[in-house]
Amino acid sequence: MLYREAGQFKSSYAEDGRIFPIRQDRVGFTLLMLVFGVAVPLLANEYWLKAILTPVLIFSLAAIGLNILTGYAGQLSLGSAAFMAVGAFAAYNFILRVDGMPFLLALALAGLAAALVGVLFGLPSLRIKGFYLAVATLAAQFFIVWVLVKFPWFSNHSSSGVVTAQEVSILGYAFVSPEAKYVLTFLVVAVLALAAKNLVRSATGRAWMAVRDMDVAAQVIGFRLMRTKLLAFAVSSFYCGVAGALYAYTYIGTVEPEGFNLDLSFKILFMIIIGGVGSILGAFLGAAFIVLLPILLDNLVPALFGDALGAGFASNLQLIIFGGLIIFFLIVEPHGLARLWQIAKEKLRLWPFPH
Amino acid sequence: MARQSGDVIVDLRNISLRFGGVKALTDISFDVREHEIRSIIGPNGAGKSSMLNVINGVYHPQEGQIHFRGQLRRRMEPHHAAEQGIARTFQNIALFRGMTVLDNIMTGRALKMRCNFLQHALYWGAAQREEVAHRLKVEEIIEFLEIQSIRKTPVGRLPYGLQKRVELARALAAEPHILLLDEPMAGMNVEEKQDMCRFILDVNDHYGTTIVLIEHDMGVVMDISDRVVVLDYGRKIGDGLPDEVKNDPDVIRAYLGGAH
Amino acid sequence: MQFFIEVLIGGLLSGVMYALVALGFVLIYKASGVFNFAQGAMVFFAALSFVGFQEVLPARFGMEAGSAAVFWLSFLLAFATMVVLGIATERIVLRPLVNQPPITLFMATIGLTYVVEGLAQMTWGANVRGLELGIMDEPIGWLMDDYGIGVSKFDLFAAGVAASLVALLAALFQYTKVGRALRAVADDHQAALSIGIPLQTIWRVVWAVAGFVALVAGMIWGARNGVQFALTFTALKALPVLILGGFTSVPGAIVGGLIIGASEKLAEVYVGPLVGGGIEGWFPYMLALAFLLVRPEGLFGERHIDRV
Amino acid sequence: MATTRAVAVDVASLDTFPRLLMEHARQRPQRPAMREKEYGIWQTYTWADVAARVRALASGLAELGFKRGDRLAVVGDNRPRLYWSVAACQCLGGIPVMMYQDAVAQEMAYVMLDADIRFASVEDQEQVDKLLEIEADLPNLERVIYDDPRGLRHYSQPFLHGMDEVLEMGRIHDEYHPDFLDKELDKGSPEDIAVMLYTSGTTGQPKGVCQSHAAFIAAAQGGCAFDSLGETEDILSYLPMAWVGDHLFSYAQALVAGFTINCPESAETVMNDLREIGPTYYFAPPRVFENLLTQVMIRMEDASRPKRALFGYFMDVARRCGADILDGKPVSATDRLRYALGKLLIYGPLKNVLGLSRIRVAYTAGAAIGPDLFRFYRSIGINLKQLYGQTETCAYVCLQPDGNIKFDSVGTPAPQVEVKLADNGEILVRGPMLLKAYYKRPEATAEAINAEGYFMTGDAGVFDSDGHLKIIDRAKDVGRLNGGGMFAPNYIENKLKFFPYVKEAVCFGNGREHVTAFINIDLEAVGNWAERRGLAYAGYTDLAGQAAVYELVKDCVEQVNVDLAGDAAMGDAQVRRFLILHKELDADDGELTRTRKVRRNFIAEKYAVLVDALYAGKTSQYIETQVSYEDGRSNMVAAELRIEDAQTFPPQARKAA
């Protein structure tokens, strides 16, 4: 309805290959970025920044990571949280043990460390597929967390295993306030999301999708399965690693290995299922959904049923609704919120025609 | 026909292939000459697809040798075959269903692209230039195969005949020396078959591509092939010009006998 | 040496219990190609229902607590609950997802896990409860006395139950019409249709049987460790068993269970101390993974050839 | 709305098309002159590009032996390189002769011979093959240049040249003889023949109409000034190059105003390409607008109920005040508000989806357009207008002025054009845009232009009190019923064709007691109608014979009769009896012209048995007809056609004329 595409013709492949080929989308996206990059930090209150917006961004990043592996390269993983843990503890140790380590470098190194571990655990993917691989990634989940718990060096011999993230400072500016932390997260996530989008729309992304859709044909075309799959594991883990580091440094501040448990891995998996498998936008939508839903339920359940039912009821209801939604989405729209948005957009573009 | 056949570029000698105890191919020898259209025919289960799979390294024969351009090739993986300039289509369409026609064909350019994933992540400078350059190549193929109107359509939404054409486009995108086509016209109506025939001849003519073709439609095979190999139960029972093969008593027996 | 044997036998017996859970997975996978991640949650739900009925029956209906009647009635009711759950799952989750890629179904069962867990605790509460089967978890006297090897009576009992369950299932597969249909379904859905039993019926039966297996597994695990949320993790233990034994093989589940159980205990005892212990959590996975790299199709699985 | 700059080119000194082209290359070298959708994007050629390529092509042609006064056949779809051929030919003082690309070889042979073609510039293998087929009959043909080399690699005929080859040859030639082409340009005179276009020939063989540079430039300038067309316009060039309209809009006006022409990727993608380009200036025959509206209505049928209601409501608003708002007439504030809302919710998006949202001026001509159809487009804010003209007048006689549109007229005489009516109602025109002559047919030229220099259009028309011209019919087709009443078959047929269900109609009545009609139903529209009612049918013939369809058509006929009854001159010419033909009228069967006008006499002869049955009062008639297909195959179609009576209404008392 809002689209006016007539006359927006493309006279070069560069124009045709843009992320947003339609002008109205570009305008809309720019507005969105301005809102979340400028207006939100200026206007939003501390609760929103700390408890909702920052984690949504961080989980989006992790979900992008998982989406690269699962959505684009077709390798199901149940161990995303473990790679986040690697990132979080790597960043902690880099900053702790290297004098004058710049935060952004530590962030990148944290991602690289996670990528390295990711490649290691991606190796089985060359021999095994599907469920077998999914189970194999569970091994990563348990093993990595165990290593972080069992070797106190990683937590700087903290007796409880809990580490407290150091203060974030870039070029002398300390990111202490929720606003500052949010903006930092926003920028990192924006840059990495753009890079991810670029990856998946280029030859790298096509290689991943080729392997996902039909690996024999991909091989016959000349793709090397090993290289392609391991790259997916590396990039995916990199994103999860950076997300883990941000999780520690700009979100909760103190982390312990057990915090990156299987539940968190599942949560990230749910984000991409609900958000949309194989969609960068979907990662954001899914993360927002999964972060907001419990908050919504926490507020809604007492309002609807009163407090009499107790906290247990609410948390169980939450479980049921979570699980139910997953099933619902898989049945009704296996491509998640991103596809719904896409359908809505198609409708808007064709309005007033139905198809 | 003005086509000129050249030197032998693929020479298969005494190929035998087994799956467990099942013999798929037994002691098969034949060659493929540059620029020719070489057809492999035979009843269902004769081992035709296995033959193609041997040529491009999907299957590894237990016995026999394969020479490419006079050089012996040892155990070869599919991507090695691709690097050698061998492209193919599949009997059951093997397109990447989650991608658009354009992206599917772009994958065919994979081996010709040089940028690494970091450049892709930036999508700036070299990576973008490369993408544009290959897009142009792909667009030429799109025009060649007359699929302009569907370039942005996800392949899953296309009718069967068009999917076959897109698969051919993807194979062509690699600018192969040798094109292996596994039943490119199976399941098509007369008009689609005619189109596909024209495209195959055009490819052979325009790009000089050597084509190895499996096809069931005898009329088509006899029309467009330079030479024909006949397989039956994994053995070669005939080899030669279309007319020779057509009149070969062994071949006739296999076909008539097989038609019960 | 005695100690080694003791650990080994202990491991093998707990392996039987893993096998029991894995059995539920295999049944469903064989019949419907669904990797049922919710099997662990079903074990939890089954055990919780059983304990719950045991509490409710005396409290509400004045039956004598701890009597055999209460025990068996609770058992039947819990079984009925599992059958209802199985049928509901088939109707609400599986049927709409038929013909979807297996990975989608797998993810759906992860969702199902959450629903079942939530449902279980919402219905029966989240307290840890004991479960009494009347068999003491104590070493068998004569073994202990004569050979100095401690083998728990309870473990032996569990092994016995598992063995009878396997025998029962084998009989079911072998001698009933539904069982034969089930085996046919595992091979070829189309062929199964020709037997004249609707696919849906077969699936329902399978889910009901899997529910029964879950109930038995839940009761044994519950009696061992108490009925609590942690039961759901037993399902995770069953996964490496599956990898090892192959998703489609009943003997594979048993053998895999034994191997995992034994090696896990041995590793914990002999390797654990070297690295700080607690390796039970991941060791089975790593073992299975290492094994997979050598034999991707598992112990009893069939080699798969990609046809193009 | 796009800003329009005044036509910047100094008219006086730029009196030939090549000079105009070179001037644009100087004034606006980097503005886009042409775009072509090729390889998935709109490849753009600036004026400088085009000028350089035209120079090269012209030099190359000269190198091949093309001489002043030679004629160059141009055959193919709207491709930039064919437009360059036209310009290159004109640079050398040659005469481009455009031909219809879908003509069969024999039709081409006629024009090739008639125009003494020595050189041809064609699009692709298809056209080359046709020329090779008739080569033996064309002794004059010396060189054939083709644009697209696909499939032509093994053609060894020495007279075939790839256009790339000619361009390269020309570039080198131009490099060594840079003044050669400039001199050729200087030799050009405005009175030179700029182009020869063949009339479609409703009767007799096609005639080559010779138009001078001066004539076409005058027509183009008049049109550009009339609608303030500037360099920022975009037009989609998709109508046959051989048709005068395309030559005026895509060539002459583009060269006069300096705007951009856009060539679609292929015939199948035109609608899509239209959406992408979103032209600001658009021309389409009524048929296209009709199909578009039918599409809109069919697609809206599938919309959800609330959306349909919304659509219906705002279409009502548009019908009430849309056209008035476009014309700048007073409209109440509430209606304006409603219309603005409608524009946001319906009209704007609708125009966008159709690719018409940027249109400043759209024209239609070539056949009458239904008032409902016309009103629909104007009411949603598309400035659709009608024009009137012929090949002989550079399609430039009458135009509808902005803000003063009458649905049933073709507007007022265009600038510099004189129009008057002969006693028999025939429209006579005079002005700078008149043809010089019919090629090699002085007698035909003399017949067409009378002693006072008026061109006799052959159309019958009337002026209304405001000076708007209303076309009634072909002057020679206007006949009399036996009772003395006026019979203008086209007029009635058009009224019938305004119904979406009626695709074609052919009326008879001259020298008869009353009027009868053949009807062709619109398979898509009636098919849809049938499907919604659950009527099963197998193909056109079956559907056409169904009783329910007859009822539907009868209703249309009777509405026309009501209309005719109210018309002063036509009250007697109501349709008494009709039948629905068993096959679609087809140009391949000679029943329509290539521009899809019905050939009434041919049809009357071919289906004489049906005409007789109509007048003999029979209720059905058996007929067998040969149908030919594009690939040359043919087939027999047979049917027992039903004939029905339609109700007629008492004509109103004639008003004083």
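Residue numbers (our numbering), protein chains in the order written: chain A, 973 to 1327; chain B, -6 to 253; chain C, 236 to 543; chain D, 144 to 800. Heads up, the beta-carbon is just placed ideally off N, CA and C, and yes, glycines get one too.
{"Check": "Among all the DSSP beta bridges, which residues are the ones paired with Trp185 of chain D?", "Outcome": "D:Lys180"}
{"Check": "Could you check whether the Cβ of Ala799 of chain D sits closer than 8 Å to any Cβ belonging to chain B?", "Outcome": "Since pLDDT at Ala799 of chain D reaches only 37, below the 50 mark, its modelled position is unreliable, and the value read off the structure follows with that caveat. It does not; no Cβ of chain B falls within 8 Å."}
{"Check": "Does the distance from the CB of His725 of chain D to the CB of Val669 of chain D come in under 8 Å?", "Outcome": "no"}
{"Check": "I need the straight-line Cα distance from Gly1231 of chain A to Thr469 of chain C, nearest angstrom please.", "Outcome": "20 Å"}
{"Check": "Can you find the residues in the same chain that come closer than 8 Å, C-beta to C-beta, to Asp706 of chain D, ignoring five residues on each side of it along the sequence?", "Outcome": "Lys638"}
{"Check": "Mapping the DSSP letters down to three states, classify Leu724 of chain D as helix, strand or coil.", "Outcome": "coil"}
{"Check": "When we look at the beta-carbon of Gly231 of chain B and count the other beta-carbons within 10 Å, is it buried (16 or more) or exposed?", "Outcome": "buried"}
{"Check": "Counting C-beta neighbours from all protein chains within 10 Å, is the total for Asn1039 of chain A 16 or more, i.e. buried, or is it exposed?", "Outcome": "buried"}
{"Check": "Helix or strand or just coil, what does DSSP make of Cys464 of chain D?", "Outcome": "helix"}
{"Check": "Can you list, in chain order, the residues of its chain with a C-beta nearer than 7 Å to that of Asp551 of chain D? Leave out the 5 residues immediately preceding and following it.", "Outcome": "Pro514 and Lys613"}
{"Check": "Who are the Cβ neighbours of Arg(-4) of chain B in its own chain at under 6 Å, not counting the five residues just before and after it?", "Outcome": "Per-residue confidence for Arg(-4) of chain B stands at a pLDDT of 48, beneath the threshold of 50, marking its modelled position as unreliable; no derived number is given."}
{"Check": "Are any of the Cβ atoms in chain D nearer than 8 Å to that of Pro1324 of chain A?", "Outcome": "yes"}
{"Check": "Answer with yes or no whether the minimum CB distance from Asp1071 of chain A to chain B is below 8 Å.", "Outcome": "no"}
{"Check": "With a 10 Å radius around its C-beta and 16 neighbouring C-beta atoms as the bar for buried, classify Ser224 of chain C as buried or exposed.", "Outcome": "For residue 224 of chain C there is no data in the structure shown, the boundaries of chain C being 236 and 543."}
{"Check": "Rounded to whole angstroms, what's the CA-CA distance from Ala557 of chain D to Val504 of chain D? Just pull it up for me.", "Outcome": "16 Å"}
{"Check": "For chain A, find out if any of its Cβ atoms is closer than 8 Å to the Cβ of Val125 of chain B; answer yes or no.", "Outcome": "yes"}
{"Check": "State yes or no: is the beta carbon of Ser447 of chain D nearer than 8 Å to at least one beta carbon in chain A?", "Outcome": "yes"}
{"Check": "Does Leu1081 of chain A come within less than 8 Å of chain B when only Cβ atoms are used?", "Outcome": "no"}
{"Check": "To which residues of the same chain is Arg785 of chain D closer than 6 Å at the C-beta, ignoring the five residues directly before and after it?", "Outcome": "Ser763"}
{"Check": "Check whether the Cβ atoms of Ala1057 of chain A and Ala1255 of chain A sit closer than 8 Å, and answer yes or no.", "Outcome": "no"}
{"Check": "Quick one, which of D:Glu318, D:Phe323 and D:His356 has its alpha-carbon nearest Val338 of chain D's?", "Outcome": "D:His356"}
{"Check": "Please return the same chain residues whose Cβ sits closer than 6 Å to the Cβ of Asp20 of chain B, not counting the five positions on each side in sequence.", "Outcome": "Asn7 and Ser9"}
{"Check": "By DSSP's criteria, Arg623 of chain D is part of a beta bridge. Which residues make up the other side?", "Outcome": "D:Met629"}
{"Check": "Between the region 1244 to 1254 of chain A and the region 1146 to 1163 of chain A, can you find at least three pairs of beta-carbon atoms closer than 8 Å?", "Outcome": "no"}
{"Check": "Could you give the residue range of the beta strand (DSSP E) that holds Tyr289 of chain D?", "Outcome": "Arg286 to Tyr289"}
{"Check": "Check distances from the C-beta atoms of the region 175 to 194 of chain D to those of chain A and list, in chain order, the residues that come in under 9 Å.", "Outcome": "Pro175, Arg178, Lys180, Tyr182, Gly183, Ile184, Trp185, Gln186 and Thr187"}
{"Check": "With a CB to CB cut of under 7 Å and the five nearest residues on each side skipped, what residues in its chain are close to Asn633 of chain D?", "Outcome": "Asp616, Arg617 and Asp620"}
{"Check": "Along the chain, where does the alpha helix (DSSP H) containing Ile336 of chain D start, and where does it finish?", "Outcome": "Note, Ile336 of chain D: premise wrong, no alpha helix (DSSP H); beta strand (DSSP E) at Ile336 to Tyr341."}
{"Check": "Are the beta-carbon atoms of Phe192 of chain B and Leu138 of chain B separated by less than 8 Å?", "Outcome": "yes"}
{"Check": "Starting from the N-terminal side, write out each stretch of the beta strand (DSSP E) that is 3 residues or longer and does not extend beyond the region 339 to 412 of chain D.", "Outcome": "351 to 355, 377 to 379 and 403 to 406"}
{"Check": "Do Cys537 of chain D and Ala358 of chain D have their C-beta atoms within less than 8 Å of each other?", "Outcome": "yes"}
{"Check": "Pro1114 of chain A touches chain C at which residues, Cβ-Cβ below 8 Å?", "Outcome": "Inspection of the sequence shows that residue 1114 of chain A is occupied by Phe rather than by Pro. Going along chain C in sequence order, the residues near Phe1114 of chain A (Cβ under 8 Å) are Gly516, Trp517 and Tyr520."}
{"Check": "May I have the straight-line CA-CA distance separating Arg246 of chain B from Asp729 of chain D, to the nearest angstrom?", "Outcome": "51 Å"}
{"Check": "For Val1 of chain B, which option in B:Glu27, B:Val15 and B:Ser22 has the closest C-alpha, if you only look at C-alpha atoms?", "Outcome": "B:Glu27"}
{"Check": "Between Leu1156 of chain A and chain B, is there a C-beta pair that is closer than 8 Å?", "Outcome": "no"}
{"Check": "Start and end of the beta strand (DSSP E) containing Val240 of chain D?", "Outcome": "Ile238 to Met242"}
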